[in-house]
Every structure is written in structure tokens, then in C-alpha cells.
Amino acid sequence: MDLGKVVGLRTLSRWIRRWSLARQMLTLQIVVVGVTVAGGVVLTFLQTRELLVEEATGKARAVTVSVAGSPSVLAALGDSAVLQPYAERVRRETGVDFVTIMSTAGLRYTHPNPAQIGHPFLGTIAPALKGETFTETYTGTLGPSVRAVAPVRDGDGTVRALVSAGITVEKIGLRLRGQLAGAGLVGLLGLSTGGVGTYLVGTRLRRQTHGMGPGELRRMYEYHDAILHAVREGLLLVDGAGRLTLCNDGARELLGLYGEAGGRHVTDLGLPDSLTELLASGENRTDEIHLAGERTLVVNVAVVRSGNRSLGTVVTLRDHTELQSLTGQLNAERGFADSLRAAAHEAANRLHTVITLVELGRAEQAVAFATAELRAAQQLTDRVVGAVREPVLAALLLGKSAEAAERGVELMISPDTDLDDIGLDERDLVTILGNLIDNAVDAAMAGVAPARVDVRMLADETTFLASVADSGSGLDAATAREAFRRGWTTKGDGRGLGLAMVGRSVRRLGGTIDVGGGPGAVFTVRLPLREKGI
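Quick note: the sequence shown uses the working numbering, first residue 95, plus one each step.
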């Protein structure tokens with residue numbers, strides 16, 4: 095192939111690739127429609143021409159046979175004065191272009207042009223002389239024509255003359271052009287209709303693809319797919335009917351979804367009730383905390399709309415497990431620090447009291463007052479530290495004791511509490527005990543006076559046991575079953591996450607938690623301990 099043509103084709107190909115997908119599809123469909131219509135017109139032309147030729151041949155044969163069998167023709171053989179008017183009348187009435195009666199030698203008795211009478215017939219006559227009727231296309235004095243030749247027989251069957259009738263190819267062509275005009279009009283109408291339809295399809299496709307080309311769409315898909323697999327955050331797309339249409343790797347890991355999740359309804363994914371309700375709600379939500387298995391998730395839901403029509407929701411998930419655990423530990427430390435600041439403030443007040451008593455000359459009362467305060471504070475610290483030799487839990491209990499005292503609740507450590515370092519995850523222990531004590535303090539404050547919370551912790555070689563009891567109104571059996579479901583709360587503020595986190599931490603450590611009454615609520619946690627050295 096010529097180098098110039100190759101370069102030209104490559105340039106054309108690059109130029110076409112820069113077109114938008116809609117434009118490429120429009121061009122391709124127009125070409126397809128054009129080729130289809132052109133092919134239909136050509137096929138119509140060929141079929142019509144064949145039909146017209148067959149029709150002309152049949153008509154010529156019928157006229158020829160009819161004239162050859164006429165008794166008047168046999169009677170007037172050799173007399174052109176009689177045969178010429180007869181032949182012309184038949185020609186006009188049947189619509190053929192010529193009717194020629196001739197002798198067996200081929201000399202014409204009749205012809206549309208009288209000047210040709212007596213001249214030899216231009217065409218094949220040998221088969222007819224043998225008694226055969228046949229057709230052919232031959233060029234005579236009138237030009238190319240489709241003709242038939244038949245013998246004229248007497249009563250004995252002897253061939254006495256020949257008859258030929260025919261239709262010129264020009265006349266057939268005129269009829270063919272008339273037929274093609276109609277076919278061309280139909281083809282043009284079909285091409286126009288196809289073009290309009292193609293344009294409408296292309297316009298819709300251009301609107302849906304935003305005028306982007308195949309390369310841009312391919313790159314967008316590749317980037318989209320790479321991003322979905324790369325981001326650690328979970329991403330879900332839920333359509334208006336509540337079916338999951340997209341789930342990236344991060345969401346599969348965070349929600350524990352395995353197998354083919356696309357196309358399933360959110361209620362069939364096996365997710366916790368709170369998450370299922372959230373995904374099926376079709377409402378905007380911002381930074382909601384939900385539990386999924388052993389994970390704490392921050393969930394955002396954004397509704398996607400087209401005009402007034404909701405197309406579904408986009409759901410993002412972030413793993414908040416570690417941060418939530420650290421937050422719980424930080425809250426415990428902050429509570430302890432707040433307690434220390436409160437104690438420092440109270441100590442300053444007491445110190446001023448002691449100094450004032452000394453200035454008033456009442457030294458003995460000042461010493462007695464200071465000694466009593468020091469003894470009370472030291473007794474609490476000694477009781478907690480002596481019973482709980484796990485530093486983090488000891489700090490948590492001291493902080494919660496001071497915080498409860500500020501809120502008018504007495505937090506008591508059971509006399510039989512005895513706990514060393516048990517080797518369990520400190521963050522889980524803080525989550526469990528911190529939330530149970532907070533809930534118990536709230537329940538005790540809502541109950542009758544005096545408000546009290548009792549904490550008991552024991553551990554042997556195999557099991558850690560902790561119980562938190564309050565003086566509140568307690569929980570009935572039905573409420574106790576729902577206590578560890580996310581969203582359950584007695585506080586009326588819609589939080590309900592603390593007990594759910596407690597249940598999750600207990601399950602992660604392989605333990606159990608029971609809820610009883612006596613008369614307030616009693617939460618009892620049992621956690622298995624690993625054997626030392628294993």
C-alpha cells in the first residue's frame with residue numbers, strides 16, 4: 095500500500111478516536127443505515143429488472159404464439175397488404191414494440207417500419223424452422239429487444255412461415271427507471287427516518303456520556319475502579335429500591351460481606367438491625383456511630399437526586415474502632431484529671447479553713463479537721479489501690495468515685511474485691527467497666543435516695559468476674575434482652591451506644607454478660623483468662 099495512504103488512514107483513525115463516543119456512534123449508525131438502504135435499493139433494482147425482463151419475455155412469447163396460431167395469418171401468407179395492418183393492430187393492442195411475420199427464408203412480410211418489409215429478419219430463426227418456439231435478446235433494426243420466435247404451421251404441421259414479437263430493452267429500461275424512482279423515494283424516506291432516529295439516539299447517548307470519548311470513558315472507569323479498590327474507607331451505593339449496586343473492598347472488610355453482594359436488598363445482607371435500618375431509610379445521615387461485628391463505624395449517608403426524583407444513596411463507612419477505644423480510655427483519664435482538679439480545689443478550700451482556724455488560735459481544731467480530711471481521702475485511695483492492683487482499672491475507679499461523689503452518688507468497692515494484673519486488653523476493660531459504671535451512676539441518680547453504685551471484681555486462674563449494681567429502678571426481662579442493642583437507652587437522648595460497645599468488647603474477649611435485678615440493675619461480666627506462660 096502507498097505510504098501516503100497509510101499515513102492518511104492513520105491520521106483519519108486518530109482524528110476519529112478524538113471524537114466523543116456519541117459522535118462515533120452517530121457516524122457509525124448513519125453509515126450502517128446508509129449501507130443498508132443502498133443495499134436495499136440495489137437489490138430492488140436487480141429484482142425489478144429481472145421481473146420486468148421476465149414479464150416482457152412472457153408477453154412477447156404469448157403474442158408470438160397467438161399470432162402464429164391465427165388462421166387469418168396462414169391464409170394471407172405472402173400478402174403484405176393484408177398482414178401489415180393486422181400485425182400493426184396486434185402490436186398496438188398488446189403493447190409490444192414489433193410484430194414481424196416472415197417467410198421461412200426470413201424475409202419480412204410485416205414491420206413497424208414499412209421500409210423494412212421484404213428485407214431479411216435480423217435474429218435467430220433456425221430453432222423455429224424446426225418447429226420450436228423460443229425467446230432471445232437480440233439487436234435488430236429497433237435496437238436491442240427481448241423477442242420470441244414461433245413457427246406458423248399448416249394443417250399437416252409443416253412450417254409455412256415464422257412470427258416474431260418483441261419489446262425493446264429501451265422500453266423495459268423506461269419502466270425500470272419508473273420503478274426505481276419509487277424505490278429510491280422509499281429508500282430516501284428510510285434513510286431520513288434512520289438518520290433522525292440515529293440522531294436522537296446519539297443526542298441521548300451524548301447527554302448520558304457528557305460528550306466523552308471512548309478513551310476518556312475507559313480512563314474514567316480505570317480510575318474509578320482503582321480508587322474503589324485503593325481507598326480504605328468503605329463505599330456503598332444503594333438504589334431507590336434498597337438494592338446494593340456497588341460495594342468496594344473497604345466496605346466488604348468493614349461489614350464482613352463475602353461473596354456476591356451486588357444486586358441484593360440491604361435487608362438480605364445480614365447486617366446489624368441498626369445498620370440495615372439506616373441503609374434502607376433513604377435519608378441523609380451525618381457521622382452516626384454504628385457497630386458491625388467487632389468494629390465501631392462512623393457512617394454517613396447522602397441522598398442522590400435528579401430533580402425531584404431520588405436515585406438512591408451514597409454511604410461511606412470509616413473504621414472508628416481504635417479511636418473509640420482510645421476515646422473511652424481518654425475519657426477515663428479525663429475524668430480522673432477532672433477529679434484531681436476538683437480535689438485540688440476542695441483541698442484549697444480546706445487548707446484555707448485550716449489556716450483560718452490557726453489564725454483564730456484554734457490549732458487543735460485545725461489539726462483535727464485536717465487529719466479527718468486526710469484520713470478520708472487516704473482511706474478511699476488505699477481501699478481502691480489495695481484491692482485493685484491493675485493500674486489502669488485503679489485509676490478508672492478513683493476517677494469514677496470522685497465523679498460519682500460530685501454527682502451525689504456513693505460508689506462503693508466491694509470488700510471482697512481482689513484483682514491483680516489479669517493480662518486482658520486494658521482498652522476493653524476500660525470500655526466495659528467505664529460504661530457500666532457511667533450507666534449505673536445515671537440509673538442511681540434517677541432512683542430513690544440514697545444513690546449508690548456497688549462495684550465488685552474478682553479473678554481466679556481461669557475467670558475474671560466483675561459486677562456493677564445500682565440503686566435505680568432496675569430492668570425488666572424484656573428490657574434486659576434489648577439492653578445491648580445499638581440505640582437502646584433509658585436516657586431519652588438517642589445515644590444508646592455505651593452498652594452496645596460493652597457487649598462488643600465482652601464478645602471480643604470471649605466472655606459473657608448477664609443482667610439481673612436486686613432491686614436495681616446488676617450487670618455481671620465473666621471473661622476467660624489465658625493460662626500464664628501459654
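Note that CB positions come from ideal geometry on N, CA and C, so glycine has one too. These numbers come from a predicted model, not from an experiment.
Consider the C-beta atom of residue i and the heavy atoms of the ligand ADP; say whether any pair is separated by less than 7 Å.
i      : result
Gly350 : The ligand ADP is absent from the structure shown, which contains no ligands of any kind.
Determine whether the beta carbon atoms of residue i and residue j lie at a separation below 8 Å.
i      : j      : result
Ser174 : Thr204 : yes
Gly566 : Ala615 : yes
Thr229 : Thr151 : yes
Thr511 : Met539 : no
Val409 : Val395 : yes
Ala162 : Pro214 : no
Val643 : Arg546 : The structure shown has nothing for residue 643, since the chain only spans 95 to 628.
Thr556 : Leu623 : yes
Leu490 : Asn533 : no
Val257 : Ile219 : no
Leu684 : Leu363 : With the chain represented from 95 up to 628, any question about residue 684 goes unanswered, as that position is not in the structure.
Ala498 : Val535 : yes
Ala259 : Ala170 : no
Val147 : Ile266 : yes
Leu391 : Leu365 : no
Just how far apart, CA to CA, sit residue i and residue j?
i      : j      : result
Leu168 : Phe139 : 42 Å
Ala374 : Met595 : 23 Å
Val461 : Leu445 : 11 Å
Ala386 : Val524 : 20 Å
Ser508 : Val549 : 6 Å
Arg269 : Asp248 : 38 Å
Leu621 : Leu492 : 23 Å
Gly610 : Ile531 : 15 Å
Ile526 : Asp564 : 16 Å
Ser495 : Gly528 : 11 Å
Thr275 : Arg185 : The sequence shown places Ala at residue 275, rather than the Thr named in the question. Going from the Cα of Ala275 to the Cα of Arg185 covers about 28 Å.
Thr227 : Val159 : 8 Å
Thr370 : Ser286 : 53 Å
Thr618 : Met506 : 16 Å
Gly92  : Thr606 : Residue 92 is absent from the model: the chain starts at 95 and stops at 628.
Leu137 : Thr130 : 10 Å
Gly586 : Val448 : Residue confidence for Gly586 is low, a pLDDT of 40 falling below 50, so the modelled location carries little weight and cannot support an answer.
Lys224 : Arg271 : 38 Å
Pro613 : Arg598 : 26 Å
Gly376 : Val332 : 9 Å
Bridge partners for residue i per DSSP, in chain order?
i      : result
Ser43  : Since the first residue shown for the chain is 95 and the last is 628, residue 43 is missing from the structure and cannot be characterised.
Leu647 : Outside the shown range of the chain, which is 95 to 628, sits residue 647, and nothing can be said about it.
Val609 : Phe617
Asn394 : Thr410
Glu148 : BP columns for Glu148 are empty, so no partner.
Asp192 : The residue you asked about is not Asp; residue 192 is Phe in the sequence shown. Gly260.
Ser661 : Given a span of 95 to 628 for the chain in the structure shown, any question on residue 661 remains unanswerable.
Ile383 : Val392
Asp564 : Val547
Val246 : Ala255
Ser400 : Arg403
His359 : Arg337
Val482 : Leu513
Arg346 : Its beta-bridge partners do not exist; DSSP assigns none.
Arg202 : Met196
For residue i, which option in the options has the closest C-alpha, if you only look at C-alpha atoms?
i      : options                        : result
Arg254 : Pro165, Leu274, Leu365         : Pro165
Gln123 : Val290, Leu623, Leu216         : Val290
Pro208 : Leu223, Ala199, Thr218, Phe192 : Phe192
Glu327 : Leu454, Val135, Val393         : Val393
Glu357 : Gly334, Leu348, Asn378         : This sequence places Gly at residue 357; Glu is not what is there. Closest option to Gly357, Cα to Cα, is Gly334.
Asp413 : Ile266, Ile383, Thr407, Asp570 : Ile383
Leu279 : Glu500, Ala132, Thr465, Gly517 : Ala132
Tyr180 : Leu348, Ala355, Val157         : Val157
Arg183 : Thr198, Leu340, Pro206, Val482 : Pro206
Ala277 : Glu453, Asp570, Gln141, Cys341 : Gln141
Ser515 : Ala355, Pro544, Pro485, Ala537 : The amino acid occupying residue 515 in the given sequence is Asp; Ser does not appear at that position. Nearest of Ala355, Pro544, Pro485, Ala537 to Asp515, Cα basis: Pro485.
Glu144 : Val263, Thr339, Arg389, Leu454 : Val263
Does chain B have any CB closer than 8 Å to the CB of residue i?
i      : result
Ser258 : The chain inventory of the structure shown lacks chain B, comprising one protein chain alone.
Requested in this report: Please specify which runs of the beta strand (DSSP E), each continuous and at least 3 residues long, are wholly inside the segment 490-557, giving them in chain order.
Outcome: 504-507, 546-553
(Q) As an exercise, report each continuous alpha helix (DSSP H) stretch of at least 4 residues that is fully enclosed by the segment 153-183, in chain order. (A) 165-169
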